[in-house]
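Here's the structure we're looking at; comments come further down.
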Amino acid sequence: MSVYDRARRHAWFMAGALVIAILFVLVVERFFGHSTIAFGIAIVGLVAGNTRMSTFNCPKCGKNLFFRGIFVVPWPNRTCGKCGTELAPPSD
Ligand SMILES: [Zn+2]
Numbered sequence: 189m190s191v192y193d194r195a196r197r198h199a200w201f202m203a204g205a206l207v208i209a210i211l212f213v214l215v216v217e218r219f220f221g222h223s224t225i226a227f228g229i230a231i232v233g234l235v236a237g238n239t240r241m242s243t244f245n246c247p248k249c250g251k252n253l254f255f256r257g258i259f260v261v262p263w264p265n266r267t268c269g270k271c272g273t274e275l276a277p278p279s280d
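The number in the numbering used here is simply the position in the sequence shown, starting from 1, with 188 added.
Following this line, the structure appears as structure tokens:
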């Protein structure tokens, strides 16, 4: 499996985690009223889940797939933004 595929899988995982985090906060607010703690737990959970993001790097130059220059985007680069290496399999 290419680094792009694994990064894309992680992007989907984070999208799902974001939905669950939002639902979690909404449910807590619905049943227990406004809760800063629930919000904090959701944020910490998302940040913890996203630490894996830093492991998806270009095999050639080490640039992270989720970085576009200084910006971080939720979807990985298909082609390395630094050295131009094709990160996605040609069949994809
Ligand atoms: Zn590269």
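From the three backbone atoms N, C-alpha and C, an ideal C-beta is built for every residue, glycine too.
None of these values were measured; they are calculated from a predicted model.
Check: Cβ separation of V235 and A226, assumed to be a contact under 8 Å, to the nearest whole Å; Outcome: No, V235 and A226 are not in contact; Cβ-Cβ is about 15 Å, not under 8 Å.
Check: For V235, the residue or residues it bridges with in DSSP; Outcome: BP columns for V235 are empty, so no partner.
Check: Beta-bridge pairing of G267 - partner residues as DSSP gives them; Outcome: Rather than Gly, the amino acid found at residue 267 in this sequence is Thr. DSSP lists E274 as partners of T267.
Check: Close-in-space but distant-in-sequence residues of the same chain around V213 (CB under 6 Å, 5 per side omitted); Outcome: A226, F227 and A230
Check: Spatially closest choice to K248 from N238, G272 and H222, by CA coordinates; Outcome: G272
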